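Enquirer: Going by the working numbering, the sequence shown runs without a break in its numbering and finishes at 1277.
Quick reminder that beta carbons are idealized off the backbone N, C-alpha and C, glycines included.
Note that this is a predicted model, so its numbers are computed, not measured.
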Amino acid sequence: MTDISTQLLINGELRDAAAGATFATFDPARGGELGQVAQAGTDDVDAAVTAARGAFDGAWAKTAPAKRARMLNRLAQLLDEQTDDLAELESRNNGKVKWQCAAEIKVAVATLEFFAGTAQHLYGRSHVVNPSVVSYTLKEPVGVVGAIIPWNYPLMMAAWKVAPALATGNTLVLKPASATPLTAIRLGELALEAGIPAGVLNVIPGPGAEVGEAMAAHPGID
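(1) Which ranges would you report for the alpha helix (DSSP H) in the region 1121-1158 if only whole runs of at least 4 residues count?
(2) Do L1221 and L1256 have their C-beta atoms within less than 8 Å of each other?
(3) According to the neighbour-count rule (16 or more other Cβ atoms, all chains shown, within 10 Å of its Cβ), is R1147 buried or exposed?
(4) Measure the Cβ-Cβ separation of A1079 and E1088 and say whether it is below 8 Å.
(5) Which first and last residues belong to the alpha helix (DSSP H) in which V1197 is found?
(6) Starting from L1063, follow its DSSP beta bridges and name the residues at the other end.
(7) Nearest by alpha-carbon distance to Y1178: which of P1209, T1223 and K1230 is it?
(8) Between the region 1089-1097 and the region 1065-1078, are three or more C-beta pairs nearer than 8 Å?
(9) On the DSSP letters alone, give me the boundaries of the beta strand (DSSP E) that K1117 sits inside.
This is how it looks when you write it as structure tokens:
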């Protein structure tokens, strides 16, 4: 597995960074470069947030929980079916032994399945104020979520962010660690295969000092 070149995933499309920048990603166990990864900048953060906002204000927040659950279950199925390939990719990019990466992918699958089930059980509460008045609470999605994940459990922690956010009707801008971006990008691609609409999940690798800071300060992230 060599010469891997990957792009940003924004609004359902793989694209180069706006500035055309890339960075090398490495195999820490064996040594050597695996390939080049598109390096997001502040313009790409803006584009990803705009895409996520458009998807949220469009159909996603109004999508029936049962339909969101089906998509998350389909994503879990795709991960499960591709465990071997994903574990190989994770091992090469992260340096762990393959069996450990495979075990972590199984946790990612279970996480997606759990929150797919939870999506259909997000109940509000009702309160009888007096004989003629009943008040109630209604749970609503927050909006656009920003998530920054570390290098040590890349795909598993990506699933920990993606599953609850999407299950509850939010959209997501995900920044994987620069050292280990490959499986997060692949997760975004599989989400599209699972039927999750464009813009709901956006993946933008890049340095924390630029991309992470821009996400943390972005007024479009709720």
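Expert: Based on what the coordinates show:
(1) 1138-1149
(2) The residue labelled residue 1221 in the question sits at position 166 within the sequence shown. The residue labelled residue 1256 in the question sits at position 201 within the sequence shown. Closer than 8 Å, so yes.
(3) Working through the sequence shown from its first residue, we reach residue 1147 at position 92. By the neighbour-count definition (other C-beta atoms within 10 Å, threshold 16), R1147 is a buried residue.
(4) Reading the sequence shown from its first residue, position 24 is the one you call residue 1079. Reading the sequence shown from its first residue, position 33 is the one you call residue 1088. It is a contact, given that the beta carbons lie within the stated cut-off.
(5) Within the sequence shown, numbered from 1, the residue matching residue 1197 stands at position 142. Counting along the chain, V1197 falls outside any alpha helix (DSSP H), and DSSP gives it neither H nor E.
(6) Against the sequence shown, residue 1063 aligns to sequence position 8. Paired residues: R1070.
(7) What you label residue 1178 is simply residue 123 of the sequence shown in a count that begins at 1. That would be T1223, whose Cα lies nearest to the Cα of Y1178.
(8) yes
(9) Stepping through the sequence shown from its first residue, residue 1117 is reached at position 62. First-last for K1117: undefined, no H or E at that position.
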